[in-house]
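Presented below is the structure to which this report refers.
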């Protein structure tokens, strides 16, 4: 029925069969091994995956190779050279000269690069300076004296500054030529060569360009060391969302066509770039008709160019008229239209012009105005783009402007150009156009031939102008028919025969010429008619099924319409912000766990969900969270709480919230052990909406702050099984008591341990258990292989696998039993040259984070772990899993190997087992419902003896060292402890294990290539070993030498006679048992002759039960054993032997009533260190909050300059007021002020005495003079 049109019995199946498979390239930003600061900047910028040019160039640049990269405009070239720059420099260098130099051809591109550095390098502490022509050199001298890390410059001014300052560039190790083709085309070759001579020899050089001119190739050969050329097919590709339209007109009508486009087609608010050979007259013309415009060309003053570009970027004007100086490199976001006023001379130049449009997923349109002078170049362009010939009758792609519109705009243009200024400028542009045609490269010969067949009358009105035509009476068609008749009319007479009476001789001459060429003309007409018949025949054959003479026609007539299936995220009733985040993340359809859990969570039900790792559990609880909270709440406490077992998972969830909740205005904070508590106090005071935390630190913060959680309405326990297995049960119970009663709780897990079931029964209200059959199913693409060895040969088998079977570049996870094995295996692999790292439960959080990042970024190929990393942490692109020790439970085996073969990838899981594991092996097969024969070399086998012996010798040599010898002894004891603590296998499996025979195993198929057995020695050896093992001698040890041991032989003969009947009886009974078993196997099953344990209608009653959470949870319980000695001891202490019940029963936990801090110490729940009170006193947070409440409750950050200045002044003043001093500082300040006051008073006294003395002397002199006069 599915094959019949209109019928389907499986509507939800095969959803993806006809969709184009979009595979994300492996190796994202995380896989490049970038530092956290660089990754934070990339995430802040909104980049999720590297573009093709970034994916190809960044690894080479990080390796230190010189690179020449070519890619089209808008492909992410700037980030491709800035990300390695940040990774190489990383931190600020206070002394020395600059370490990186970026040269750009124009001011605009340099400014754009400088701004991009500030945005992308926000979390990298680097200082950048800008050296541009037209700016103050004094300011540039000052900035270069501040020891910058990065210089962004134009070549001319930078060389000028170098000469003036005699600038030393000895520390420059990274040089970038951005838009290198433009650097050479604009004549900077001499400056670049001189700059190159001033740079040190060990530098790394990178050149990014859109084209590759000859001068650039020669420069790269001379100046770069063994460069790598990376091309991304840049020349012949246009943006997919770009629409091309060509407008024909006469050469003198170009301005009229431009006015018609800008007035009647392009919206007034749209951003348009016009490419022309000269800009001035076009800009003035547009200003005259009321269209806001500005212009940029190469000789324009730098300050004016900067102002004009800013006007257009800030949408102060709608049209920017430019020459090719702005065709590449300058970032003009949200560009809607491009107009080629003159047809470019080269197809590549056309690509780089229109490449400014339809970027970053936006649509756009490029109009190209052409005349008879451009027809040949038009055909050249079509050939270059490989888009086939565009029919001149295709009004969607090529056409002309309606005559009425064109005549109206031509009249407008002629009126405007009557003014003196524009008249002179118009004459200048006419001469400039002639010069442009002379300098433009010639078209190809083939295109020139095609241009001769062009007919203006084949063109129709371009579709964008059809709305402007009003032709109710059919005048347009009549006019076109008349024009065609006039153009198609061919008179019989020539010009020499117009007056036969006067031109008799000429008429006779023409008659003779006609007779001469008559046969040639008839032959030409016949061939033309035959061509037309063939074309008609081709059109008829196209209509017949199975025949076609025109294979390139009607390509899209039989395409299948793609209909999106219903029942996706749209059907869940989510808000637009949440849906935008889901779409931005790239999700199209919900996964099964999302489809089952999200509706229940949106209803407000408590949920316990189980699904395997990588099934989309994180999004399953985040999407309802965003839908419930929706908007930011400025006041009050947090409304959602997410608890994760480890730092890595919490950080991963936090980043996922930022990405998925990009369009939801919610504030999220991260509370982790090992981070600064002061910072966490501050973040919790900012009224977050969501808290992502680990239980230990979160409870510690709650106790310190006496944190109120009354507004929390949504609580998530992520990887809940790990939360309980890692001993957070006490913290979770205490946190649960602090939460309000009306909360909704959601628990996501991969397994369901007993303690988690008990917690869910007590803490959740009528929970729903959702299981996706996680325990007994393996990924379809996962291949299982089992390797047998003796217990002491495990390490040799592991080395054989990693050396000879698994590729060196593959990602492999090795699961070991205890942390001692993890450390030993990691050191062993390091000794043999295999890069590895390790993770276990007691590892320091920072070390665990570093080691996990090493593996995720492919710095190492092997990760050795205990079960702490079996679930939750995302390890993409995992190829192999190795179980070094056989897991105690089949469910644990599933969750170990579930890391591999995810997202449609294939993978292999190797499991090493010995005689101790045979019973557990049978348990696993029973659980998986599989039958594996021991003779099946594709699934089970052993390592060839030659390989095993070689690796065993290597292992023994390595373990001779003191460190490894001690560690090896520890691992031997740890293995014994592991076997004791491992759950026992079933009785049936133990019985099956007794029939195991090592000789039944063959060499595993992956090792067959290593065996060389041309003479069949291997088979002979196996036969001999089988005979030796099967040989049973008749004589005993007492009868080996009958002559010397006569008494012993006689004794054995008597014993044989005595036991002969017993032996025969035993053999007979054994044969009879086998016969009975065969007979019972053939019988049909009869009614049970005993009373069953369950009632007959038990299953019916269970199916009708309202809430079956307890029953379902009991079926799904799985406990994981600890991986260290402390955990095992604690587990033992929590149980004791009950003599009455005759089994181990749990006892009260001595840690009850205590919590575990981030340092691992158990303290009482009510214990406080007063760290929060000290932080409040130190920061005066309550006073600042009171001041903020008194000022304004809701205050927006000002946008004007002076308002921002006033805010900064207030902040500085508040900071000064909050500046605290200790008593010693206060005393010193008072003493200083007192000394200053005493000094001032002393100076005043001295000055007063001086004034008095001066007055006294003056008075004495006056008296003396007066006395003499009187005498």
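In this note's numbering, the protein residues as written are 2 to 1272. Glycine included, every Cβ here is placed at the ideal spot set by N, Cα and C. Since the model is a prediction, treat every value here as computed from it, not as a measurement.
#1: So residue 55 packs on residue 80, CB below 8 angstroms; how close in whole Å?
#2: Taking all protein chains shown into account, do 16 or more other C-beta atoms lie within 10 angstroms of the C-beta of residue 204, making it buried, or fewer, making it exposed?
#3: Might you give, ordered along the chain, the residues of its own chain that have their beta carbon closer than 6 angstroms to the beta carbon of residue 829, omitting 5 neighbours on each side?
#4: Please work out which residues of its chain come closer than 6 angstroms, Cβ to Cβ, to residue 257, disregarding the five sequence neighbours upstream and downstream, and give them in chain order.
#5: Can you tell me whether DSSP reads residue 961 as helix, strand or coil?
#6: If residue 693 sits next to residue 651, beta carbons under 8 angstroms apart, how far is it from one beta carbon to the other, in whole angstroms?
#7: If I follow the unbroken beta strand (DSSP E) through residue 699, where does it start and stop?
#8: DSSP puts residue 508 in a beta bridge; with which residues?
#9: What do you get for residue 142, buried or exposed, if any count of 16 or more other CB atoms within 10 angstroms of its CB means buried?
#10: What are the boundary residues of the alpha helix (DSSP H) that includes residue 360?
#11: Check each candidate in 96, 669, 118, 867 and name the one with the smallest Cα separation from residue 86.
#12: Using the three-state DSSP reduction, which class does residue 1255 fall into: helix, strand or coil?
#13: Quick one: Cα of residue 746 to Cα of residue 638, how far?
#14: Have a look at 1067, 1039, 404, 288 and flag the residue whose alpha-carbon is nearest the alpha-carbon of residue 1054.
#15: Select from 146, 100, 455 the residue whose C-alpha is nearest the C-alpha of residue 373.
#16: Pull up the distance between the alpha-carbon of residue 338 and that of residue 272, whole angstroms please.
#17: Along the beta strand (DSSP E) that carries residue 338, what are the first and last residues, could you check?
#18: Please determine if the region 166-178 and the region 96-115 are in contact, where contact requires at least 3 C-beta pairs separated by less than 8 angstroms.
#19: Three or more beta-carbon pairs under 8 angstroms between the region 746-760 and the region 905-918, yes or no?
#20: Suppose you measure from the CA of residue 259 to the CA of residue 78; what does that come to, to the nearest Å?
#21: Please report the residue range of the beta strand (DSSP E) in which residue 257 lies.
#22: Going along the chain, which residues of its own chain have a beta-carbon closer than 7 angstroms to the beta-carbon of residue 972, five neighbours each way excluded?
#23: Cα separation between residue 1193 and residue 1225?
#24: Just to check my reading of the structure: residue 900 and residue 879 have Cβ atoms closer than 8 angstroms, yes? What is that Cβ distance to the nearest angstrom?
#25: Can you name, in chain order, every residue of its own chain whose Cβ lies under 7 angstroms from the Cβ of residue 940, other than the five neighbours on each side?
#26: In the region 639-716, which residue ranges form an unbroken beta strand (DSSP E) of at least 3 residues, counting only runs that do not cross its ends?
#27: My output table needs one value for residue 318: the three-state DSSP class, helix, strand or coil.
#28: Using a 10 Å radius around the Cβ and a threshold of 16 neighbouring Cβ atoms, would you call residue 51 buried or exposed?
#29: Counting only the same chain and skipping the five closest in sequence on each side, list residues whose C-beta sits under 7 angstroms from that of residue 269.
#30: Can you tell me the Cβ-Cβ gap for residue 144 and residue 130, rounded? I've got them flagged as a contact below 8 angstroms.
#31: Using 8 angstroms for Cβ pairs, my map puts residue 569 next to residue 593. What's the rounded Cβ distance?
#32: Can you tell me which of 323, 242, 350 puts its alpha carbon nearest to the alpha carbon of residue 362?
#33: State buried or exposed for residue 1034, treating a residue as buried only when at least 16 other CB atoms are found within 10 Å of its CB.
#34: Which residues mark the beginning and the end of the beta strand (DSSP E) in which residue 884 is found?
#35: To the nearest angstrom, how far is the alpha carbon of residue 1212 from that of residue 1205?
#36: What's the C-alpha gap between residue 325 and residue 98?
If we stick to the structure as given:
#1: Cβ-Cβ separation between residue 55 and residue 80: approximately 6 angstroms, consistent with a contact (criterion under 8 angstroms).
#2: buried
#3: Beyond the five residues adjoining it in sequence on each side, residue 829 comes within less than 6 angstroms, by CB distance, of no other residue in the same chain.
#4: 407, 410, 411, 414
#5: coil
#6: 5 angstroms
#7: Not the beta strand (DSSP E): residue 699 falls in the alpha helix (DSSP H), residues 696-706.
#8: None, per the DSSP bridge assignment.
#9: exposed
#10: Segment: none, residue 360 is in no alpha helix (DSSP H) and carries neither H nor E.
#11: Of the candidates 96, 669, 118, 867, the one whose C-alpha sits nearest the C-alpha of residue 86 is 118.
#12: If DSSP states are grouped into helix, strand and coil, residue 1255 belongs with the helices.
#13: 18 angstroms
#14: 1039
#15: 455
#16: Residue 272 has its alpha-carbon roughly 6 angstroms from the corresponding atom of residue 338.
#17: 338-341
#18: yes
#19: no
#20: 33 angstroms
#21: Where residue 257 is concerned, there is no enclosing beta strand (DSSP E), although the alpha helix (DSSP H) it sits in stretches over 255-261.
#22: 821, 822, 825
#23: In this prediction, residue 1193 has a pLDDT of 43, which is less than 50 and means its spatial position is unreliable; what the coordinates show is noted afterwards. When rounded, the distance between both Cα atoms is 37 angstroms.
#24: In this structure, residue 900 and residue 879 form a Cβ contact; the two beta carbons are roughly 5 angstroms apart against a cut-off of 8 angstroms.
#25: Taken in chain order, the residues that qualify are 785, 786, 787, 933.
#26: Taking 3 residues as the minimum length, the beta strand (DSSP E) runs contained wholly in the region 639-716 are 641-644, 669-672, 691-694, in order along the chain.
#27: coil
#28: buried
#29: 319
#30: Between residue 144 and residue 130, the beta carbon gap of about 4 angstroms places them in contact (Cβ cut-off 8 angstroms).
#31: Not confirmed; about 13 angstroms, so no contact.
#32: 242
#33: So residue 1034 counts as exposed.
#34: 881-884
#35: Using only the alpha carbons, I get a separation of about 11 angstroms.
#36: In this structure, the straight-line span from the alpha carbon of residue 325 to that of residue 98 is close to 35 angstroms.
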